[in-house]
Amino acid sequence: MNTINPVITNPILPGFHPDPSICRAGEDYYIATSTFEWFPGVRIHHSKDLVHWRAMPYPLTRTAQLNMEGNINSGGVWAPCLSYDNGMFYLIYTDVKSRVGAFKDTHNYLVTASDIEGPWSDPIYLNSSGFDPSLFHDEDGRKWLLNMIWDHRKGKNHFAGIVLQEYSVQEQRLIGPAVNIFKGTELGLTEAPHLYKHNGYYYLVTAEGGTGYEHAVTVARSRTLQGPYEVDPANPILTSNGRTDLPLQKAGHGSLVETHTGEWYMAHLVGRPVQDKHCILGRETALQRCMWSEEGWLRLANGDRYPELQVAAPNVTPHPFEAVPDKDHFDQTVLRNDWNTLRIPPDPSWLSLTERPGYLRLYGMESMSSTHRQSMVARRLQTFEGEAETCLEFAPDHPQQMAGLILYYDTKDYLYLRVTHHEEKGLCLGIIQSRYGVYDELMEEDIPLTQGNRIRLKTVIDHERACFYYSLDEHSSWVQAGKWTDITHLCDESPEYIRFTGTYIGLCVQDLGGTRKHADFDYFRYTTS
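Quick note on numbering: the sequence shown equals residues 20 to 548 in our numbering.
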């Protein structure tokens, strides 16, 4: 019996890890999560016990698989589905090109690999009829694609149901008719389909209620693949709706796994607000233990429909992994896999770890407003309290050249401690803010930097606020730059538009004049309280 570490603590993947898809290969467990406009595409984590998780290499690492240059905010990779069948991993994903207004351009692809660490194949195009695709492997060997279907027409239910179509492995394409097998319940906004076979029933698990605070998991079942599907009378089986006291909000978008010990768990997304309904960490991944009722319906093991912070772990031997060091000295030839770039791959034309060994060199490109080519390397914010620190060497000669440390949500929302050049002050330091698309400079005057161009920069984060600091050498104390600033705008909850990612801490360089001035970063340290 597992007595050493019998508890799963939620969220198991803190910070921006939404839309989990969980699968098992033998005694190994994998979760794939959405990455939206961040590159590489699709985050995969591995576990042996469902308690401890480690990040794996990304599967979508080249533009032949994922070309997001110009993709809109919160476009890119939505809701991947990772599955395993007969020695092969299958990864389905959507690349969203447009999402605002009546139309959504959502292209669905499949890549495969015999090893979870790759290499992953070039993509097979599937369809563009809707998003949240998944692949079901039936017992007879046939494979079926599911996705929600988008209806753009006036007066129609835009979330028009779940369509099912056969996928031919031999022909590498969809074949036969696409059949709408489930049009959803009164909760509406039916999406994120996953199909499972258990005790003679096909169980269809969907997300309903939208991705916010009314999010939920719905289950329906049928004796036949194409239905009709009977909705669980206890629907929804998982939600946080109506329970503002719960620490885990937004519960929904569920995916099931049966352990090799015969136990059942549901991976699902959650959000944890820091103030009001603002979730600066984005949507995260949690696990709930499940059971089957006498009537053959899936139930949470806690006896109700609400997510818990702690649940019993499966009866397997605990398997922790080595912790990732807090400090990255940039002494490798490739980026660690806790780093992402924005929309584009880390091309040697703008990023190098070898031109100056032990430093990350970034060549300045476009502004923070660009959806094309930004020189940004960033990692997820994963805790409500923490610090991030770097040391920058930069010699700008024009105000259009900037470099520094940024708290970044998307092109409309960020907080940026940047070094630049001023015509009279020379090298100087200031803070830029974009709040819901409104630009501001938060200090009355930039701070002159008179002791050379090697500057340490730091941010301290405390729930809904953050503060910046700087130091001009390795031995001097930190000096506060500006005031403590509200960062609740770095979240999904915008007053004007819906969005889906989370806060990143980044290193970036801009050269708006196109001369590609570079900056060197000596290290990056991220510590949590």
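Note that beta-carbon positions come from the ideal geometry of N, C-alpha and C, so glycine has one too. Remember, predicted model here, so these are calculated numbers, not experimental data.
Counting C-beta atoms within 10 angstroms of its own C-beta, residue 83 has fewer than 16 neighbours from the protein chains shown and is therefore classed as exposed. Around the beta carbon of residue 310, fewer than 16 other beta carbons sit within 10 angstroms, so the residue counts as exposed. Counting only residues of its own chain and dropping the five nearest sequence neighbours on each side, residue 481 has a CB closer than 6 Å to the CB of 404. When DSSP states are grouped into helix, strand and coil, residue 293 belongs to the coil group. Here the alpha carbon of residue 439 sits roughly 34 Å from the alpha carbon of residue 96.
In the DSSP assignment, residue 77 falls outside any beta strand (DSSP E) and carries neither an H nor an E. In this structure, residue 71 lies near residue 338, with their beta-carbon atoms less than 8 Å apart. DSSP places residue 274 in the strand class (E or B) of the three-state scheme.
Using a C-beta cut-off of 8 Å, the region 519-533 makes contact with the region 386-398, since at least three inter-stretch Cβ pairs fall below that distance.
In the three-state DSSP reduction, residue 336 falls in the coil class, being neither helix nor strand. With respect to the 8 Å criterion, residue 163 and residue 183 are classified as neighbours on the basis of their beta carbons. Nearest C-alpha to residue 328 among 488, 503, 216, 291: 291. Looking at the DSSP output, residue 311 shares a beta bridge with 317. With 16 or more other Cβ atoms from the protein chains shown falling within 10 Å of its own Cβ, residue 369 counts as buried. Within the region 164-238, the complete beta strand (DSSP E) segments of 3 residues or longer fall at 178-187, 192-201, 210-217, 220-227, listed in chain order. According to the DSSP assignment, residue 406 belongs to the beta strand (DSSP E) that extends over 404-413.
Under the three-state reduction of DSSP output, residue 127 falls in the strand class. The Cβ atoms of residue 212 and residue 153 lie closer than 8 Å to each other. Note that the region 500-509 does not touch the region 368-382; fewer than 3 beta-carbon pairs, one per stretch, sit closer than 8 Å. From the listed residues 81, 29, 536, the smallest Cα separation to residue 267 is found for 29. Boundaries of the beta strand (DSSP E) harbouring residue 480: 473-481, taken from the DSSP string. In this chain, the beta strand (DSSP E) harbouring residue 51 covers 47-52. Here residue 359 is buried: its Cβ has 16 or more other Cβ atoms, across all protein chains shown, within 10 Å. If you ignore the 5 residues before and after residue 190, its C-beta comes within less than 7 Å of no other C-beta in its own chain.
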